[in-house]
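Q: So the sequence shown is residues 1 to 153, counted in the working numbering.
Ideal placement from N, C-alpha and C gives every residue a C-beta, glycine not left out.
All values derive from a computational prediction rather than experimental measurement.
Mind having a look at this structure? Questions to follow.
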Amino acid sequence: MTMFSNGFSTLLMPEDFEAVNTKDEFNDLYLVNTKIPMSIKFSTTPTLVGLPAIKEDIEKNIENNPKINIVMSDFIPINDDIYYMIVSSFSDGENEMRRNEFLYVKDSNLYIFEFTYPYADRELDDFYLNIIRSFKIIVPKYIVEDGSYKLNK
1 MTMFSNGFST LLMPEDFEAV NTKDEFNDLY LVNTKIPMSI KFSTTPTLVG LPAIKEDIEK
61 NIENNPKINI VMSDFIPIND DIYYMIVSSF SDGENEMRRN EFLYVKDSNL YIFEFTYPYA
121 DRELDDFYLN IIRSFKIIVP KYIVEDGSYK LNK
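Next comes the structure, spelled out in C-alpha cells:
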C-alpha cells in the first residue's frame, strides 16, 4: 500500500487501484480497480451538523429512493472514534452492487469513505477497515464560520 496525502489528511491506498481525476470540489481521492471491480471514494465536506442528524438525513433520502435498499445503518467504533456506517445495495442494470459508506465528523468537517463493489463479492471488512484505520487528520480541510466555509490554508 502507498500513502495518500493532500496536506489535510493521510491514508493508505491499496495496491492495484488507479486514481481517477474528478471535478468534484469535495472529492479528495477516487480509486478504481477494474479487476475486482471496485471503487473507493474519499471525500471531505464542511458540515454544521453531527452524525445523528447526518444519519437521519441519509436514511430519509434512501427511503425515498426505491432503487436503493439499506442493508445496515448504525454507529460503529473505529480506532478511538465513532463513525456512522451505512451499507446499501442497488442495481446498475446488470449487476447487484453494494456500497459501504463510513462517515466521521470532526472540527466541522465530514469525512466520507465510500466502497462500491459487486454484491456477490466476498465480505471485505478487513480491507476497508484497514484503510479507514490508517486515516489521519493533519489539519481540518475546511474552516466553518458564520454559516459559510473556506478552505483552510
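Given that a residue counts as buried once 16 or more other Cβ atoms are within 10 Å of its Cβ, and exposed if not, what is Y119?
A: Within the sequence shown, residue 119 is the residue found at index 119, counting from 1. Exposed, by the Cβ-count rule.
Q: Terminal residues of the continuous alpha helix (DSSP H) containing D57?
A: Position 57 of the sequence shown, counted from the first residue, corresponds to residue 57. Counting along the chain, the alpha helix (DSSP H) containing D57 begins and ends at 51 to 63.
Q: What does the alpha-carbon distance come out to for the pair I178 and I131?
A: For the chain, the structure presents residues 1 to 153; residue 178 sits outside this window and is missing.
Q: To which residues of the same chain is G50 closer than 7 Å at the C-beta, ignoring the five residues directly before and after it?
A: Position 50 of the sequence shown holds residue 50. So the qualifying residues of the chain are V105.
Q: What whole-angstrom Cβ distance do I82 and F75 have, given they're in contact under 8 Å?
A: Numbered from its first residue, the sequence shown carries residue 82 at position 82. Numbered from its first residue, the sequence shown carries residue 75 at position 75. Right, their Cβ atoms sit about 5 Å apart.
Q: Tell me which residue opens and which closes the alpha helix (DSSP H) that Y104 is part of.
A: For the purposes of this step, residue 104 is taken as the residue at position 104 of the sequence shown. Where Y104 is concerned, there is no enclosing alpha helix (DSSP H), although the beta strand (DSSP E) it sits in stretches over 96 to 106.
Q: Quick check: what's the CA-CA separation for N79 versus L12?
A: Here residue 79 corresponds to residue number 79 of the sequence shown, with the count starting at 1. Here residue 12 corresponds to residue number 12 of the sequence shown, with the count starting at 1. When rounded, the distance between both Cα atoms is 15 Å.
Q: Could you tell me which whole beta strand (DSSP E) segments of length 3 or greater appear in the segment 9 to 36?
A: Entirely contained in the segment 9 to 36, the beta strand (DSSP E) runs reaching 3 residues are, in chain order, 9 to 13, 27 to 33.
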